[in-house]
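Q:
Residue numbers (the numbering used here): 70 to 444.
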């Protein structure tokens, strides 16, 4: 029964790129901020000095030891930046993210197996930037899903084999509700991302067709989906219906993201739905205005899944906090706050904070991969 790390948004461009050993061009095309180092200064004003140049593993901080300690066998996250030296930004966008290819060690430091690319920043520097992103990740040994030179490439899953006879199959798709421009949709002969129609439950039919075409006995199928707004806890009814339809159609884990903070968690027919895992690494530390969401509190979701059935056996959410652009194991008060938020926004499940600071399902809620009520 492999344990999957289902990481949130890795926004390693812009300010994060600037603190690493091989920063790219700091120029920005934003309405107010024109130099990515401004975000570094804001973070330092909020939390203290950042050593520059920082080591590749600096942004991960305590998270690396925590992932090892709790047995993360398969490591997946949403990579929400381009990795490129290309310097022609996509017109019509307010914010552009890119990380220099020389800083890809920031991703390999966490031993990531695969990343989702269907999001609203992977094409920030055009098709040339997307090509360089995929090539850089391939050379680094990190599999990708969700973007490609054609729709066929974008719909190919990333496959990780953590144990003999077990495959984790990752599909990546995005909705326009997360800010993905319609022109970014990959076509039969044109590059882009896998953009699905969130306006109707039938929009996931092509996803389920692909799942059923690829799935083998013993596979754990993860659909990683970039959807929804940046802020707010509400999950609209149609999004719940889509998540349920994915599970009913053969998906084992729905890995949602886009919001800058966690959204509700659900276990449906014994399978895990994370409606939004929140940001993990970014340069937002010194930006105010959304303090009510406690965006400095993040989590490392660790799901143990039974390969034979796809059922969730155990879920641990390791609470972390960003400080000086570095993840630190959250102190007890912060962990309690995050646990309380998850309980308040997740009406169908209940979490407790363990003695060692892990946010877990309440005792007895999961029994041998089944919900305690038998559903």
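The C-beta atom is built at its ideal place from N, Cα and C for all residues, glycine as well.
Pick from 325, 230, 387 and 195: whose alpha carbon is nearest that of residue 218?
A: Minimum Cα distance to residue 218 is reached at 195.
Q: So is residue 101 buried or exposed if we call it buried at 16+ other beta carbons inside 10 Å?
A: That one is exposed.
Q: Answer with buried or exposed for residue 400, where buried requires no fewer than 16 other C-beta atoms within 10 angstroms of its C-beta.
A: That one is exposed.
Q: State the CB to CB distance for the pair residue 396 and residue 130, rounded to an integer number of angstroms; the pair is presumed to be in contact (CB under 8 Å).
A: With 8 Å as the limit, residue 396 and residue 130 qualify as a contact, their Cβ atoms being about 4 Å apart.
Q: Please name the residue in 168, 382, 184 and 350 whose C-alpha comes closest to that of residue 17.
A: The structure shown does not extend to residue 17, since the chain spans only 70 to 444, so no value can be given for it.
Q: Tell me the rounded alpha-carbon separation between residue 122 and residue 81.
A: Those two C-alpha atoms are separated by around 15 Å.
Q: Rounded to a whole number of angstroms, what is the C-alpha to C-alpha distance between residue 309 and residue 289?
A: Taking the straight line joining both Cα atoms gives about 21 Å.
Q: Applying the 10 Å Cβ sphere with the 16-neighbour rule, what's the burial state of residue 225?
A: Label assigned to residue 225: buried.
Q: Using the Cα positions of residue 277 and residue 315, report the straight-line distance between them to the nearest angstrom.
A: Each residue's alpha carbon lies about 7 Å from the other.
Q: Pick out whichever of 112, 368 and 125 has its Cα sitting closest to the Cα of residue 406.
A: Checking every option, the nearest Cα to that of residue 406 belongs to 368.
Q: To which residues of the same chain is residue 143 closer than 6 Å at the C-beta, ignoring the five residues directly before and after it?
A: The answer, listed in chain order, is 71, 73, 182, 229, 231 and 237.
Q: Can you give me the start and stop residues for the alpha helix (DSSP H) that residue 200 sits inside?
A: Residue 200 -> alpha helix (DSSP H) spans 195 to 209.
Q: For residue 368, write down the residues that DSSP places opposite it in a beta bridge.
A: Paired residues: 388.
Q: Taking only the alpha-carbon atoms, compute the straight-line gap between residue 160 and residue 340 and give it to the nearest angstrom.
A: Rounded to whole angstroms, residue 160 to residue 340 spans 40 Å at the Cα level.
Q: For residue 450, count neighbouring Cβ atoms within 10 angstroms of its own Cβ and tell me buried if that reaches 16, exposed if not.
A: What the structure shows of the chain is the stretch from 70 to 444, and residue 450 is not part of that stretch, so it cannot be assessed.
Q: Residue 437 by DSSP, collapsed to three states: which one?
A: Summary for residue 437: the model assigns pLDDT 44, below 50, so the residue's position carries little reliability; its value from the coordinates is reported in the next sentence. Coil.
Q: If you drop the 5 nearest sequence neighbours on each side, which residues of the same chain put their C-beta closer than 6 Å to that of residue 376?
A: Correct list, in chain order: 235, 287 and 289.
Q: Tell me whether residue 443 is buried or exposed, calling it buried when 16 or more other Cβ atoms sit within 10 Å of its Cβ.
A: With a pLDDT of 38 at residue 443, under the threshold of 50, the modelled position of this residue cannot be trusted, and the question is left open.
Q: Do residue 323 and residue 312 have their beta-carbon atoms positioned less than 8 Å apart in this structure?
A: Cβ atoms of residue 312 and residue 323: closer than 8 Å.
Q: In the DSSP assignment, the beta strand (DSSP E) including residue 337 goes from what residue to what residue?
A: Note, residue 337: beta strand (DSSP E), 334 to 337.
Q: Between which two residues does the beta strand (DSSP E) carrying residue 288 extend?
A: Segment 288 to 295, the beta strand (DSSP E) holding residue 288.
Q: With distance defined between alpha-carbon atoms, name the residue in 257, 178 and 125 nearest to residue 137.
A: Measuring from the Cα of residue 137, the nearest candidate turns out to be 178.
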